[in-house]
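J.: Structure incoming, see below.
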Amino acid sequence: MPTIIATWPFGRLAAETGLARIARGDAALDAALAGAQAVEDDTTSRTSVGFGSLPDRIGRLTLDACVMDGRTLSCGAVAGLEHVRHPAAVARRVMEKTPHVFLVGEGAKWFALQEGFPLEYPYTVAAMREWEEKNPARRPPVPKKDGPAQMADIDEHNHDTVTVLAHDQKGNLGGVCTTSGLAYKLPGRVGDSPIIGAGLYVDDQAGAAGATGVGEEIIRIGGSLFVVEQMRAGKTPQEACELACRRVNAAAARRGVHPAQVAFLALDPRGNHGAACTQRANFVYAVGRDGRVEMVRAREVPPTA
Ligand code: ASP
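Just so you know, my numbering puts 191 at position 131 of the sequence shown, and the rest follows in order with no gaps.
Following this line, the structure appears as structure tokens:
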């Protein structure tokens, strides 16, 4: 059944926007991109996707995004993109207009301008006021540590990504992931979100998966590709997401740290969905199908499971 799923409460806007596009016969990737872009454009409900997001330690807002088409395995990505409002749309142009998959920093900006994306000022008063109050530039560049480095100042209030997965009327899958990454990240830090196989992976022959949460832990286990490969091997989307969370938990145990907040969501080639998160991630996602959108709470996988 045509279905669209999207991360976090702001995923409702993505799912509503994308569902309308699926209903009129649009391809899965078009629907997912329209949904993701609606969240990028909305500066009221979040501080971690698109303009108005919280900046890095030195006060610069850089955006990361990727897209993937499950029919052809075509994909594109950008990271560290500044002053361009729609990173997911730029990622799609990378996919369509270049022989490459991934452009970063100044190169990604140069490409976006060549493609006609306007140069814009991305900062809202609210985001910069918060940055000034917390004054992260005064913190040491690398968090102090005893044992493995941990990101002590990262909690559920200063990250979140919109990841949108869609299954269209023809049965094809498409996905988009877009974020500003972790608030007050070190300049140059890139998380899982723009990395094909980490923040997103889509293959019509196996399923689609996306991630949100502390990107370092998602990259460490090759998160979204892992979920898709579990579905290829016969697991349901729910089982596959839970297995990925177990991997995250096990990886944390091997480093002697508590598992970070991470969540996965997935769609199989028939449009069945599932999601799971590590403890205290409090992950909810929007599910759009049959003309309506509802919010679903993901199952938590505790460290010992
Ligand atoms: N995964 C994103 C990152 O690490 C952040 C998030 O989804 O909360 O950049």
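Yeah, the Cβ is synthetic: ideal placement off N, Cα and C, and Gly gets one too.
All of these numbers come straight from a predicted model, not from anything done at the bench.
Spatial neighbours of L285 within its chain, please: C-beta separation below 6 Å, excluding the five flanking residues on both sides.
T.: What you label residue 285 is simply residue 225 of the sequence shown in a count that begins at 1. Closer than 6 Å at Cβ, skipping near neighbours: G257, Y261.
J.: Within its chain, find whatever has a CB closer than 8 Å to the CB of D86; leave out the 5 residues flanking it on each side and keep chain order.
T.: Here residue 86 refers to the residue found at position 26 when the sequence shown is read from its first residue. Correct list, in chain order: A94, D228.
J.: For the region 111 to 195, which segments carrying the alpha helix (DSSP H) assignment without a break, of at least 4 residues, lie completely within its bounds, in sequence order?
T.: 147 to 157, 165 to 174, 185 to 194
J.: With DSSP run on the structure shown, which of helix, strand or coil describes M291?
T.: One-based indexing of the sequence shown puts residue 291 at position 231. M291 falls in the helix class under three-state DSSP.
J.: Could you check which residue in M155, R131, A304, A125 has the C-alpha nearest to that of E142?
T.: Locating residue 142 in the sequence shown gives position 82, counting from the first residue. Checked all of M155, R131, A304, A125; the closest Cα to E142 is A125.
J.: Under 6 Å, CB to any heavy atom of the ligand ASP. Which residues pass, going along the chain?
T.: H219, D220, T221, T239, G241, L242, G251, D252, S253, T272, G273, V274, G275
J.: Can you pull the DSSP bridge partners for H227?
T.: Translated into the one-based positions of the sequence shown, residue 227 becomes position 167. T63, L233, per the DSSP bridge assignment.
J.: From what residue to what residue does the beta strand (DSSP E) around V317 run?
T.: If you number the sequence shown from 1, residue 317 lands on position 257. Annotation for V317: no beta strand (DSSP E) segment contains it, and DSSP assigns it neither H nor E.
J.: Can you tell me which of the three DSSP states L79 falls into?
T.: As a first step, residue 79 is located in the sequence shown; it is residue number 19 there, counting from the start. In the structure shown, L79 sits in a helix (DSSP, three-state: H, G or I).
J.: From which residue to which residue does the beta strand (DSSP E) around G257 run?
T.: Walking along the sequence shown from the start, residue 257 turns up at place 197. Careful: G257 lies outside any beta strand (DSSP E) and carries neither H nor E.
J.: Applying the 10 Å Cβ sphere with the 16-neighbour rule, what's the burial state of H333?
T.: If you number the sequence shown from 1, residue 333 lands on position 273. Counting Cβ neighbours within 10 Å, H333 comes out buried, since at least 16 surround it.
J.: With a cut-off of 8 Å, do at least 3 Cβ pairs link the region 71 to 79 to the region 274 to 282?
T.: no
J.: I think D220 touches W68, with their Cβ atoms under 8 Å apart; what is that distance to the nearest whole Å?
T.: What you label residue 220 is simply residue 160 of the sequence shown in a count that begins at 1. What you label residue 68 is simply residue 8 of the sequence shown in a count that begins at 1. Contact flag correct, Cβ pair sits at about 5 Å.
J.: What are the residues that DSSP puts in a beta bridge with T239?
T.: As a first step, residue 239 must be located in the sequence shown, where it is residue number 179. DSSP, once it has assigned bridges, lists D124 as partnering T239.
J.: Under DSSP, the beta strand (DSSP E) around V99 begins and ends at which residues?
T.: As a working note, residue 99 is residue 39 in the sequence shown. Run containing V99: none in the beta strand (DSSP E); it sits in the alpha helix (DSSP H), 88 to 101.
J.: Measuring straight from C-alpha to C-alpha, what distance separates E276 and E166?
T.: In the sequence shown, residue 276 corresponds to position 216, counting from 1. In the sequence shown, residue 166 corresponds to position 106, counting from 1. Spanning the two alpha carbons is a distance of roughly 23 Å.
J.: Between G331, R359, H318, V347, which lies nearest to C337 when the distance is taken from Cα to Cα?
T.: Within the sequence shown, residue 337 is the residue found at index 277, counting from 1. The option with the nearest alpha carbon to C337 is R359.
J.: Which residues bound the alpha helix (DSSP H) around V351?
T.: Locating residue 351 in the sequence shown gives position 291, where the first residue counts as 1. According to the sequence shown, residue 351 is Gly rather than Val. Counting along the chain, G351 falls outside any alpha helix (DSSP H), and DSSP gives it neither H nor E.
J.: What are the boundary residues of the beta strand (DSSP E) that includes G85?
T.: One-based indexing of the sequence shown puts residue 85 at position 25. Where G85 is concerned, there is no enclosing beta strand (DSSP E), given that its DSSP letter is neither H nor E.
J.: Considering only C-alpha positions, which residue in the set Y345, A88, R81, E100 is nearest to T238?
T.: Looking up residue 238 in the sequence shown gives position 178. Out of Y345, A88, R81, E100, E100 has the C-alpha closest to the C-alpha of T238.
J.: With a cut-off of 8 Å, do at least 3 Cβ pairs link the region 261 to 274 to the region 321 to 332?
T.: yes
J.: Do the region 183 to 191 and the region 107 to 115 meet, that is, are 3 or more Cβ pairs less than 8 Å apart?
T.: yes
J.: What do you reckon, are the CB atoms on D264 and N232 nearer than 8 Å?
T.: Residue mapping note: residue 264 aligns to position 204 of the sequence shown, counting from 1. Residue mapping note: residue 232 aligns to position 172 of the sequence shown, counting from 1. Taking 8 Å as the Cβ cut-off, D264 and N232 qualify as a contacting pair.
J.: Would you mind working out which of Q97, K157, A88, E289 sits nearest M128, comparing C-alpha positions?
T.: Numbered from 1 along the sequence shown, position 68 holds the residue referred to as residue 128. Checking every option, the nearest Cα to that of M128 belongs to A88.
J.: Looking only at its own chain, which residues have a Cβ that is under 8 Å from the Cβ of R72, when we skip the five neighbours before and after it?
T.: If you number the sequence shown from 1, residue 72 lands on position 12. Within the same chain, R72 has close Cβ partners A66, A346, V353, M355.
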